[in-house]
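The structure appears below as structure tokens.
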Amino acid sequence: GALGAASGRGPAAVWGELSRGVLRPGVPFAVHRMLYYGCYAGSPSTTPPAWTPDPEEAALTNVGRVLEARGSEIIGEAYKDPVTSFRDFHKFSNENPEAYWKMVFEEMGITFSVAPSCILRDSDAYPGGEWLPGAVLNAAANCLTAKPGRTSSDVAIVWRDEGKDSEPLNFVTVEELRKKVCLVANALDALNLAKGSAIAIDMPMNVNAVVIYLAIVLAGYIVVSIADSFAAPAISTRLKISEAKAIFTQDCILRDDKELPLYSRVVEAKAPMAIVIPARGSTPIKGLRTDDLSWEDFLGRADRTTYDVTFSLCLSYANWLVFILLNDSPTPLCN
18 GALGAASGRG PAAVWGELSR GVLRPGVPFA VHRMLYYGCY AGSPSTTPPA WTPDPEEAAL
78 TNVGRVLEAR GSEIIGEAYK DPVTSFRDFH KFSNENPEAY WKMVFEEMGI TFSVAPSCIL
138 RDSDAYPGGE WLPGAVLNAA ANCLTAKPGR TSSDVAIVWR DEGKDSEPLN FVTVEELRKK
198 VCLVANALDA LNLAKGSAIA IDMPMNVNAV VIYLAIVLAG YIVVSIADSF AAPAISTRLK
258 ISEAKAIFTQ DCILRDDKEL PLYSRVVEAK APMAIVIPAR GSTPIKGLRT DDLSWEDFLG
318 RADRTTYDVT FSLCLSYANW LVFILLNDSP TPLCN
């Protein structure tokens with residue numbers, strides 16, 4: 018651009034320096050826009066970058082780490098750094114999907130019980146192609162093992178409970194998460210539901226919800242996600258569409274100093290068997306329906322002599338259903 022040419026540097030470098038060192042939120046937007054287009058005047062792109070990461074920041078990203086380790090292998094002598102060579106990396110991923118995705122799976126530590134015959138195969142039965150044909154795996158199991166360069170004692174989840182903003186953060190390691198998930202998976206097996214059955218989750222996104230989600234998939238069932246804000250009729254509709262055989266929920270939802278009822282909405286929706294988690298720790302839950310279970314009683318069904326060691330994986334083909342997301346329209350669709 019004009020400003021870039023005048024300075025003897027590229028337009029992205031000049032714009033980056035201006036946006037970081039000169040422009041501030043208090044400067045009128047018209048000035049931001051004038052300098053932006055001044056830097057990129059004559060650029061072949063209709064959408065030149067408004068922000069470019071610093072090289073140090075870029076090297077710390079997932080893409081940056083891969084390129085720092087494999088850039089020369091992937092791109093060859095043309096490789097420079099993660100920012101400069103990003104377009105070349107993107108081009109490589111499009112032109113060499115087999116090599117690219119094989120590398121991604123290696124970096125993520127994804128393992129298959131049966132490897133796919135290829136990455137992507139044209140198929141009339143699958144518009145857009147069939148991904149990982151023939152592959153057999155358990156997706157949840159891949160979330161419960163330490164990845165390359167990590168250990169089982171590394172932190173997997175960080176959270177702070179509702180209404181406890183001034184208290185310390187909570188942490189769960191990979192190994193602790195694995196034990197929690199295996200416990201719930203074994204308790205699910207004790208319910209004797211047919212494998213492949215749909216099991217709903219209608220509760221806030223907290224650490225228990227994460228554990229339950231992974232356990233459902235690990236044990237060979239299908240997760241049905243239902244927003245905790247839905248009224249009883251909306252919950253009922255989604256349970257009927259998905260044909261859910263059980264549902265995980267909470268007795269209530271904590272919002273500031275309020276307790277918003279949730280289990281009562283699930284009951285009003287005429288839900289199948291419900292496993293009810295107390296929103297406040299180990300608070301006893303009263304008034305459950307005959308076939309419903311408290312969280313404590315549900316976990317008590319697991320074989321505690323083996324749950325913290327392993328779980329017999331339920332393997333499935335890569336194209337089998339593991340999750341049903343029902344949108345929030347008046348007539349929900351399965352996505």
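Just so we're aligned, residue 18 is where the sequence shown starts under this note's numbering, counting upward by one. Even for Gly, the Cβ is constructed at its ideal location relative to N, Cα and C. Bear in mind that the values here come from a model prediction, so they are computed numbers and not experimental data.
Per the coordinates, the alpha-carbon of residue 333 lies some 20 Å from the alpha-carbon of residue 217.
With contacts defined by Cβ atoms closer than 8 Å, residue 210 and residue 238 form a contacting pair.
Rounded to whole angstroms, residue 309 and residue 120 show a C-alpha spacing of 46 Å. Residue 215 is a Cβ neighbour of residue 262, given a cutoff of 8 Å.
Runs of the beta strand (DSSP E) spanning 3 or more residues and lying entirely within the segment 227-315 occur at 239-242, 261-267, 269-272, 275-278 and 290-294, in chain order.
With distances taken between CA atoms, residue 30 lies nearest to 101 out of 76, 92, 43 and 101.
Here DSSP, grouped into helix, strand and coil, assigns residue 92 to helix. Linking residue 315 to residue 92 through their CA atoms gives a straight-line distance of about 53 Å. Counting only unbroken stretches of 4 or more residues, the alpha helix (DSSP H) elements lying wholly within the segment 21-83 are 28-38, 46-56 and 72-76, in sequence order.
When DSSP states are grouped into helix, strand and coil, residue 333 belongs to the strand group. Beta-bridge pairing by DSSP links residue 148 to 137. Between residue 55 and residue 178, the alpha-carbon positions lie close to 48 Å from each other. Annotation: the continuous beta strand (DSSP E) that includes residue 219 extends over 215-219. Straight through space, the alpha carbons of residue 219 and residue 312 are spaced by roughly 14 Å. If you compare the alpha carbons of 273, 265 and 116 with that of residue 243, the shortest gap goes to 265. Contact between residue 129 and residue 117 is ruled out by a C-beta separation of about 17 Å, above the 8 Å threshold. Residue 252 sits close to residue 282, with the two beta carbons spaced by under 8 Å. Secondary structure at residue 201: helix, using DSSP grouped into helix, strand and coil. Residue 268 counts as buried, since at least 16 other C-beta atoms from the protein chains shown sit within 10 angstroms of its C-beta.
Taking a cut-off of 8 Å for Cβ pairs, the segment 158-176 and the segment 132-145 do not touch, as fewer than three such pairs fall below it. Here the C-alpha atom of residue 232 lies approximately 20 Å from the C-alpha atom of residue 288.
Cβ-Cβ distances below 7 Å link residue 131 to 151, 152 and 153 in the same chain, with the five nearest sequence neighbours on each side left out; the list follows chain order. In the DSSP assignment, residue 190 is bridged to 172. Here residue 340 carries a strand assignment [DSSP, helix/strand/coil].
Per DSSP, the beta bridge partners of residue 131 are 153. For residue 178, there is no enclosing alpha helix (DSSP H), as DSSP marks it with neither H nor E. The criterion of a C-beta distance shorter than 8 Å is satisfied by residue 198 and residue 235. Residue 148 and residue 127 have their C-alpha atoms spaced approximately 15 Å apart.
Assigned with DSSP and collapsed to three states, residue 110 falls in helix. Sorting 78, 162 and 213 by C-alpha distance to the C-alpha of residue 339 places 213 at the top. Shown here for residue 49: same chain residues with a beta carbon closer than 7 Å to its own, the five before and five after excluded, namely 40 in chain order. Between the alpha carbons of residue 47 and residue 83 lies a gap of roughly 39 Å. One thing to note: residue 256 has its Cβ within 8 Å of the Cβ of residue 286. Nearest neighbour of residue 271 by Cα position, chosen from 89, 223 and 33, turns out to be 223. Ranking 274, 157 and 35 by CA distance to the CA of residue 68 puts 35 first. The alpha carbon of residue 196 has as its nearest neighbour, out of 53, 146 and 320, the alpha carbon of 320.
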